[in-house]
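Following: one structure in structure tokens, then a few remarks.
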Amino acid sequence: MRHFSSMFNGLARSFSIRRGKNSENDDGREAAEAMAKDAKKNDLILRSSGFVNVDGSNNLASVFSKRGRKGVNQDYMLFCGIFDGHGPWGHFVAKKVRESLPSSLLCHWQETLAQTSLDPDIDLESDKKHQRFDIWKHSYLKTCAAVDQELQQYRKIDSFYSGTTALTIVRQGDLMYVANIGDSRAVLATTSDDGDLVPVQLTVDFKPNLPQEAERIIQCKGRVFCLHDEPGVHRVWLPDEESPGLAMSRAFGDYCIKEYGLISVPEVTQRQITSRDQFVYFSHLPLVPLICCISA
């Protein structure tokens, strides 16, 4: 289980001076690079010093954001996630994706934000909640496709029969964006009227027997069935071989079965954070849980 957190501030200050130009991909990339350069120059991009690494089922990791005494909370974003590897090289795959995804997501978010701001038909202030979600969803889709392609071409890791889940959350203000690939799980702890903590599952466990997942796999000539000694555990199999027997329908890596219905496309959702919401619990048994505190 891995954790990474980042905070960004003031990345969109210079959009207004570019609104008169045509919205082209080159202009968007140029604007994104200029924003990043300006942000780094003025120390507007802040990152944690590293990762929280946890080994052993009795340990726990957490991260939180809390207003200090000196004034307004300056934490602009929070990123955290869990990456559960599987297969002979699964631990290497999980580490590689963990290291690649945050920076790639930041890059694609900056680029998408720049391109959106340059579009004269889009007003970011008119429906900020909807526009933010579209930007994050588009950024996640591009990021996951790029990371999976990069992993396939990375010759130091054999990811043909190995892969990883990726469940991540970005908090921006009072909105939370959840991107899920695989069968790791995120559960929100919120407070009821009686003051008790109530669990709310934020993600779907992408198992091969889910109707939409099974339909896609079968259409791609893959097979979904349970072994006799594992009733109820549905797995993905190659058309003519008793392998790989993957117990999830989405993952990074596992290229042996990518053309037979396995995908690395995330489901991206958003949730408004209220004063009742306390923390998000990440888990994939029997691995160590991660708790990400979201209350400000």
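Start counting the sequence shown at 25; every next residue gets the next number (the working numbering).
Heads up, the beta-carbon is just placed ideally off N, CA and C, and yes, glycines get one too.
- Pairing glycine 246 with tyrosine 185 gives a Cβ-Cβ distance that is not under 8 Å.
- Between arginine 295 and aspartate 158, the alpha-carbon positions lie close to 13 Å from each other.
- Comparing C-alpha distances from glutamine 225 to each of His115, Asp217, Asp207 shows the shortest one belongs to Asp207.
- Threonine 298 sits in coil when the DSSP states are folded into three classes, being neither helix nor strand.
- In the structure shown, the three-state DSSP call for tyrosine 185 is coil.
- Valine 304 is positioned such that its CB atom lies no closer than 8 Å to that of valine 222.
- Note that the C-beta distance between threonine 167 and leucine 125 is below 8 Å.
- For leucine 262 and tyrosine 279, the gap between their C-alpha atoms comes out near 11 Å.
- Counting along the chain, phenylalanine 103 sits inside the beta strand (DSSP E) bounded by residues 101-106.
- For the set Gln176, Gly105, Asn233, Val117, the Cα lying nearest the Cα of alanine 271 is the one of Asn233.
- Going by beta carbons, valine 289 and leucine 165 fall inside the 8 Å limit.
- Histidine 252 counts as exposed, since fewer than 16 other beta carbons sit within 10 angstroms of its beta carbon.
- Contact annotation: phenylalanine 276 and valine 171 have beta-carbon atoms nearer than 8 Å.
- Rounded to the nearest whole angstrom, the CA to CA distance from valine 228 to valine 292 is 11 Å.
- Shown here for lysine 231: same chain residues with a beta carbon closer than 8 Å to its own, the five before and five after excluded, namely Asp207, Glu237, His258, Ala271, Met272, Ser273 in chain order.
- Taking each of Gly256, Val248, His132 in turn and checking the Cα distance to glutamate 265, the smallest one comes out for Val248.
- Between isoleucine 205 and phenylalanine 116, the C-beta spacing is not below 8 Å.
- The residue among Glu135, Cys244, Ser183 with its C-alpha nearest the C-alpha of histidine 162 is Glu135.
- Ranked by Cα distance from glycine 109, the first of Ala118, Met101, Phe103 is Ala118.
- Taking the C-beta atoms as reference points, aspartate 301 is found no nearer than 8 Å to threonine 192.
- Glutamate 174 sits in a helix when the DSSP states are folded into three classes.
- The three-state secondary structure of isoleucine 281, taken from DSSP, is coil.
- In the DSSP assignment, cysteine 250 falls outside any alpha helix (DSSP H) and within the unbroken beta strand (DSSP E) covering 247-250.
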